[in-house]
Structures are given as structure tokens and as C-alpha cells.
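Q:
There are 2 protein chains.
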Amino acid sequence: MPDNPNNPKYTISSAANLLQISVHTMRMYEREGLILPHKKESGQRLYSDMDIERIKCIRHTINEDKINIEGIRRILALIPCWAIVHCSISDRERCVAFGSLNKPCWMINHKNNFCEGRECRECEVYQSFGTCESIKNKLKALLP
Amino acid sequence: MPDNPNNPKYTISSAANLLQISVHTMRMYEREGLILPHKKESGQRLYSDMDIERIKCIRHTINEDKINIEGIRRILALIPCWAIVHCSISDRERCVAFGSLNKPCWMINHKNNFCEGRECRECEVYQSFGTCESIKNKLKALLP
DNA sequence: AATAGTTGATAGTAGATAGTATCAACTATC
DNA sequence: GATAGTTGATACTATCTACTATCAACTATT
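Residue numbers (our numbering), protein chains in the order written: chain A, 1 to 144; chain B, 145 to 288.
(1) Check the Cβ-Cβ distances between Leu-19 (chain A) and every residue of chain B, and say whether any is below 7 Å.
(2) Use the C-beta contact count for Pro-288 (chain B): other C-beta atoms within 10 angstroms, 16 or more gives buried, fewer gives exposed.
(3) Under a three-way DSSP split, which group does His-60 (chain A) fall into?
(4) When the Cα atoms are used, what is the spatial distance from Gly-261 (chain B) to Glu-174 (chain B)?
(5) Helix, strand or coil for Leu-222 (chain B)? Go by DSSP, reduced to three states.
(6) From A:Asn-102, A:Ala-77, A:Gly-43 and A:Asn-113, pick the residue whose C-alpha is nearest to that of Gln-127 (chain A); which is it?
(7) Determine the burial state of Ser-22 (chain A): buried for a count of at least 16 other Cβ atoms within 10 Å of its Cβ, exposed for fewer.
(8) Apart from the five residues just before and just after Glu-53 (chain A), which ones in its own chain have a Cβ nearer than 7 Å to its Cβ?
(9) Quick check on DSSP: helix, strand or coil for Leu-162 (chain B)?
(10) When you compare the CB of Leu-83 (chain A) with every CB in chain B, is at least one pair closer than 7 Å?
(11) Given that a residue counts as buried once 16 or more other Cβ atoms are within 10 Å of its Cβ, and exposed if not, what is Pro-149 (chain B)?
(12) Would you mind listing the alpha helix (DSSP H) stretches within the region 94 to 143 of chain A that are 4+ residues and don't spill past its ends, in chain order?
(13) Which residue marks the beginning of the alpha helix (DSSP H) containing Glu-30 (chain A), and which one marks its end?
(14) Give me the subset of the region 53 to 70 of chain A whose CB atoms are less than 8 Å from a CB atom of chain B, sorted by chain position.
(15) Please confirm if the region 54 to 62 of chain A is in contact with the region 92 to 110 of chain A, defined as three or more CB-CB distances below 8 Å between the two stretches.
(16) I need the straight-line Cα distance from Asp-65 (chain A) to Lys-136 (chain A), nearest angstrom please.
(17) Considering Cα atoms alone, identify which of A:Leu-34, A:Ile-75 and A:His-38 is closest to Ile-12 (chain A).
(18) Using 7 Å as the limit for Cβ to Cβ distance, is Ser-134 (chain A) near chain B?
(19) Can you give the beta carbon distance from Ser-100 (chain A) to Ile-108 (chain A), rounded, assuming they're within the 8 Å contact cut?
(20) For Asn-257 (chain B) and Val-269 (chain B), I'd like the C-alpha separation in whole angstroms.
(21) Can you have a look at Lys-138 (chain A) and say buried or exposed, based on whether 16 or more other CB atoms are within 10 angstroms of its CB?
(22) Using 8 Å for Cβ pairs, my map puts Leu-178 (chain B) next to Lys-184 (chain B). What's the rounded Cβ distance?
(23) Mind listing the chain B neighbours of Ile-75 (chain A)? Cutoff is C-beta to C-beta under 8 Å, in chain order.
(24) Do you know whose CA, among B:Arg-217, B:Arg-265 and B:Ala-285, lies nearest Met-194 (chain B)'s CA?
(25) Quick one: is Leu-139 (chain A) near chain B, going by C-beta distance under 7 Å?
(26) Sort out for me which residues DSSP pairs Leu-190 (chain B) with in a bridge.
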């Protein structure tokens, strides 16, 4: 396996070490829908370099920008997934994620359409927040 | 003056009464950039029915949805004003609001362009949050 | 097979955040 | 012209939120 930034290689404790936070905080962020680590069949989590970067971004948003977790989730829920993956109109009509206002698509079972068989972890929608670049910049690219 | 919903007619205390909140909370929301009441020349604030509706929405977002004020402001900052008012590319390059990531345009002096001479209170960008309809729905309308 | 790490869950804490109280100077309205 | 309301400012507080500690059962690694 080549060393791409999505390669899940850190256990939860070594990731927590890198980030100087507790293992439990890592799991909290996941429960809240902010991160989506790789899971082995046994259920054990593994984190990639992208995941580390993403969590740094989350921490900055919470600690420096003073936005709470509900706020972050609501912002993530605004990412216009439909315009990023270009799913069809009929896909959208059936899609629970498209209709959701308070949860990002990757927190919702929405596999009855375009996203069938795709890993949310790998999806550009999920990764929009990965590098802490603002979602506004993504909107600027999409909206002329 | 006809009775349109933007007509500023309530003083701060009668508005606070209608909303069952303190006068001071009203001014806090303003300081935080969530509302933009009409001001008389003396500096006295006047609120319209739309303002009342907007504050109801803000309260719901804080108390029920549990999103903090910083979070709300960051969400408002995501409204794609440029695509709503259709300002020119060169306007955008000069516009401080276009570049801002953490404040909505109406909190920023951005009158050196398209918005020159326009009242932010009356602008569709500001009013996007007026009825508590989600900004996601606005994005859906703008993004095919 | 034994140690170290992981899982989910519940209970608890330090500190931040939304909101309040109080103030003197100024304005509206009767 | 007098009362009631408004302005901005600072100091204060109750409550919630992000985070931690501890637990027994399970898994990885040596």
C-alpha cells in the first residue's frame, strides 16, 4: 500500500498522542459526526494523516474560533454534496441526506442512490473540511 | 407608509416584550451581528415584524438547536452574497466581505462596490436568515 | 498465555457562554 | 418640563459544554 494521506495507519492511542488529546475526545468527535475513521472488521479504529489534519482543524475551530460542536456539525451539513458529486435529480428526491438540515451526509444512511457502494471517507464531500480550508472557498468555486 | 413587514415600528422595549426577552439581549444580538435594526438619527433602534421573526429564529437556533452565537455568525458568513446580488468579478476582488470567512457581509464595511448606497437591512443576503428557513435551501436554489 | 491497548458506557468536573443587573448620560413623549 | 424609556459600558452569575476519569468486557501483540 503506497503512503497516501488517506492510508489508515495510526491506532487511536498513537493518533491521540500525536494530537495531544485524550483517546476519549477522539471518540467523541466521531460520535458527533465530525470525523469518520477507518474501522477494521473487529471494530478497531485506524486514523490516516488526513484524519490527523482534520482533527487539528476541528480543535482550532472549537478552541480558537469558539464555535461549538453543534455549530460545526450544522456548518458541515451545509456542504452542497449534490453539487459536488453531481447526483441526479431523482437521486436527490430519494436522498435523506439531501433533505437533512442538521447532519452532514456522511452521518446519514443515504446509500440508495449515487453514493451506493462508495466510502464516505474517500468522498470529496467529507474531505471538504479535511484541510480546514473554509467551506466558503468551496462555494466560491461552485457558484459563479 | 404602508404596513410592509420591513416597516420599523417597535421600540426596543416593546419588541423585547413581544419576544419575552430582555432589552439587553436584543442589543447583544446586534453587537454579535445577528440582527441589524433600523436606527433613527438620534441612534434609537426600531424593529420591524421581520426583525421580530428573525430574532425568534435566532432564539430557536440558540436554545433548541444548541448552536452558539459564534457558530451562527459563521453560518451567516457562508451565505454566498456574490451569487445573490450578482456583483461583478472586479467588485468581488475589491470587496472585503467577499474575502471574509467569519463575519457576514452586513457586519463589514463593503460599500466600495455594488453595495454602495444600498441598505443591508433591505438586502436579500441579510434577509436569507430572516424567516429561519435554512440557508441550505437557498444553496439548493442557487446550485444546480 | 499474558500484557497492553481498545471498545462502549456512565459519572463527574473546570471553565466558558448566554444572559442579567446596575450605572450615569441622553432622548422621547405626555 | 417631568416621567418614562433608551443609550453604551462594565461587572456579575447560572447554566451548559467540552473534556476527563473510571469501569468491565473484549482484542491485538509479544
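We put the beta carbon where it would ideally sit given N, CA and C, even for glycine.
A: Walking through what the data contain:
(1) No, Leu-19 (chain A) lies away from the interface with chain B (no Cβ there is under 7 Å from its Cβ).
(2) Counting of Cβ neighbours within 10 angstroms places Pro-288 (chain B) among the exposed residues, the total staying below 16.
(3) Note: His-60 (chain A) maps to helix in three-state DSSP.
(4) C-alpha separation (whole angstroms): 21 Å.
(5) Three-state DSSP puts Leu-222 (chain B) in coil, outside helix and strand.
(6) Out of A:Asn-102, A:Ala-77, A:Gly-43 and A:Asn-113, A:Ala-77 has the C-alpha closest to the C-alpha of Gln-127 (chain A).
(7) Classification of Ser-22 (chain A): exposed, given that the 10 Å Cβ count is below 16.
(8) Taking Glu-53 (chain A) as the centre and dropping the five residues before and after it, the same chain places the C-beta of Gly-130 and Thr-131 closer than 7 Å to its C-beta, in chain order.
(9) The three-state reading of DSSP puts Leu-162 (chain B) in helix, counting H, G and I together.
(10) The sequence shown places Ala at residue 83 (chain A), not Leu. The beta carbon of Ala-83 (chain A) falls within 7 Å of a beta carbon belonging to chain B, placing the residue at that interface.
(11) Counting Cβ neighbours within 10 Å, Pro-149 (chain B) comes out exposed, since fewer than 16 surround it.
(12) You should have 96 to 99, 124 to 127 and 135 to 142.
(13) From DSSP, the alpha helix (DSSP H) with Glu-30 (chain A) extends over 23 to 31.
(14) Answer in chain order: Asp-65, Lys-66, Ile-67, Asn-68 and Glu-70.
(15) By the Cβ rule, the region 54 to 62 of chain A does not count as touching the region 92 to 110 of chain A, because fewer than three pairs are nearer than 8 Å.
(16) C-alpha separation (whole angstroms): 16 Å.
(17) Looking only at A:Leu-34, A:Ile-75 and A:His-38, the smallest Cα-Cα distance to Ile-12 (chain A) is reached by A:His-38.
(18) With its beta carbon less than 7 Å from one in chain B, Ser-134 (chain A) belongs to the interface.
(19) The distance from the Cβ of Ser-100 (chain A) to that of Ile-108 (chain A) is about 6 Å, consistent with a contact at the 8 Å cut-off.
(20) Their backbone Cα atoms lie some 15 Å apart in a straight line.
(21) Buried.
(22) Rounded, the Cβ-Cβ distance is 21 Å, inconsistent with contact.
(23) Those within 8 Å of Ile-75 (chain A) in chain B are Gly-215, Arg-218, Ile-219 and Leu-222.
(24) The option with the nearest alpha carbon to Met-194 (chain B) is B:Arg-265.
(25) For Leu-139 (chain A), the answer is yes, since a Cβ of chain B falls inside 7 Å of its Cβ.
(26) For Leu-190 (chain B), which the question treats as bridged, DSSP gives the partners B:His-182.
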